[in-house]
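In the working numbering, the protein residues as written are 2 to 457.
Every residue gets a Cβ at the ideal spot worked out from N, C-alpha and C, and that includes glycine.
Note that this is a predicted model, so its numbers are computed, not measured.
The following block contains the structure:
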């Protein structure tokens, strides 16, 4: 009678053959890494293996769908991930898959039967199996932390509900307020006022700076402020500069009874109406940047690159100069960028407006995909502390996609300051005309230049 050689398989190995067990261990580790669950199908619990394969195929399907949407309909993808509830669902899926990978990974390590592998081969298989567990599970944990930070930022800053808005005359229009709510100040005070319009087709952006000391500001006819100030905001002194519209609105909350329901307040709505009266534009959304948290944002970005044309003192007006921001191109940290934007010493309000515009542009340019990937947690945490807006979550995806177009284009800048517009005796018809022309220039500059054809 002849003896048949035993059939060697992954499920039924010959334990007395160390080389076979070594190769088998490597095969199981590689299978488990490339296709979680396949090692269990081949050598272990088939039910666990089938569960692992099904969840893996589902995750692959989700990833492929996301990749397809990124290239075909990026706005829809960003809208989905820009919703707080959807973000929570994605976070749960990622955590669950990380746990599944952890369980399957350790089961794969068990299936390698390390005790049957001799010499250094035992440790090479063990290390490879642990790496195949730690790296994917760690990646899932990192992604989950990003999703959690993003969800917290979205829920804290943006409205959970609210209607989407179509562009007006082909543009989205935002009121951007730089505000100071320091401990030595009562409430929030708009320190800088700007309007940003973005062409909905090309992403061409225009930034209009409005001096905070602008006088005699008119209000639209349908504005509640117009009933109190039919001839414009024209009382004597600083109480009727444009930035005082916020204080007046807060002192008269009955003018805007629905403001809080719309994630705003009477002061912001009064300021919105004032800005609309100056520019002739309908302001769709506001964004308030609290300067107390601005430095943290810049630090989270890793600094901002600014070309300083004139040295700027760090210090309060009338007080000692602590240091100087010297001319030349430099990367500023949050503390320096904040002083560069706010310093009034040895300069005018109009100089300060120009510096603030520089800083805003630098921040916009710094929001690259690489920066977001490496610094997202810090950015989200800083953003919660310094941003307030009435933009609804349903608009995040579309506006993010639009902002990506804006980031690579030059921003058209217009400052409504002397000698063009006199703060004490402003020509608002001229101001509105200049705004319209600046928006048209931005659009024309965003169009691809025509290449000359042969023979021309």
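Please report how far the alpha carbon of residue 230 lies from the alpha carbon of residue 220, in whole angstroms.
-> Straight-line measurement puts the Cα of residue 220 at about 8 angstroms from the Cα of residue 230.
Using the beta-carbon count (16 or more within 10 Å), is residue 329 buried or exposed?
-> With fewer than 16 Cβ atoms within 10 Å of its Cβ, residue 329 is classed as exposed.
Neighbourhood of residue 439 by C-beta distance below 6 angstroms, restricted to the same chain and skipping five residues each side = Excluding residues up to 5 positions away in sequence, 207, 413, 415 lie with their Cβ nearer than 6 angstroms to the Cβ of residue 439 in the same chain.
On the premise that residue 335 lies in contact with residue 300, defined as a C-beta separation below 8 angstroms, what is that separation, rounded to the nearest angstrom?
-> With 8 angstroms as the limit, residue 300 and residue 335 qualify as a contact, their Cβ atoms being about 4 angstroms apart.
Report the residue from 13, 285, 224, 82 whose alpha carbon sits nearest the alpha carbon of residue 255.
-> In terms of Cα proximity to residue 255, the closest of 13, 285, 224, 82 is 224.
If you run the structure through DSSP and keep just helix, strand and coil, what is residue 186?
-> In this prediction, residue 186 scores a pLDDT of 48, lower than 50, which makes its location untrustworthy; the coordinate-derived value is nonetheless stated afterwards. In the three-state reduction of the DSSP assignment, residue 186 falls in the coil class.
For the alpha helix (DSSP H) that residue 336 lies in, which residues bound it at each end?
-> Residue range 335-343 is occupied by the alpha helix (DSSP H) that includes residue 336.
Where does residue 393 land, buried or exposed, given buried means 16+ other C-beta within 10 angstroms?
-> So residue 393 counts as buried.
Within 7 angstroms, strictly: CB atoms of residue 384 and residue 154 | Contact check for residue 384 against residue 154 passes: the beta carbons are separated by less than 7 angstroms.
Option in 91, 144, 115, 83 with minimal Cα separation from residue 159 | Measuring from the Cα of residue 159, the nearest candidate turns out to be 83.
CB-CB length for residue 296 against residue 338, believed under 8 angstroms = Yes, they are in contact, since the Cβ atoms of residue 296 and residue 338 sit about 7 angstroms apart, within 8 angstroms.
Shortest alpha-carbon distance to residue 144 belongs to which of 67, 176, 114, 99?
-> Comparing Cα-Cα distances from residue 144 to each of 67, 176, 114, 99, the minimum goes to 99.
Check residue 170 in the structure and name its three-state DSSP category.
-> The three-state secondary structure of residue 170, taken from DSSP, is coil.
Residue 209 and residue 417 look like a contact to me (Cβ under 8 angstroms); what is the Cβ gap, rounded to whole Å?
-> Taking C-beta atoms under 8 angstroms as the contact rule, residue 209 and residue 417 qualify, at a distance of about 7 angstroms.
Coarse secondary structure for residue 220, derived from DSSP in three states = Residue 220: coil per DSSP, three-state reduction.
Helix, strand or coil for residue 325, going by three-state DSSP, please let me know.
-> Residue 325 sits in a strand when the DSSP states are folded into three classes.
Quick one: give me the first and last residue of the alpha helix (DSSP H) that residue 290 is part of.
-> Judged by DSSP secondary structure, residue 290 falls outside any alpha helix (DSSP H) and instead within the beta strand (DSSP E) spanning 286-291.
Based on the DSSP output, what are the partners of residue 194 in its beta bridges?
-> Paired residues: 178, 211.
Evaluate contact between the stretch 134-149 and the stretch 41-48, counting only Cβ atoms and requiring at least three cross-stretch pairs below 8 angstroms.
-> No: the two stretches stay apart, fewer than three of their Cβ pairs being nearer than 8 angstroms.
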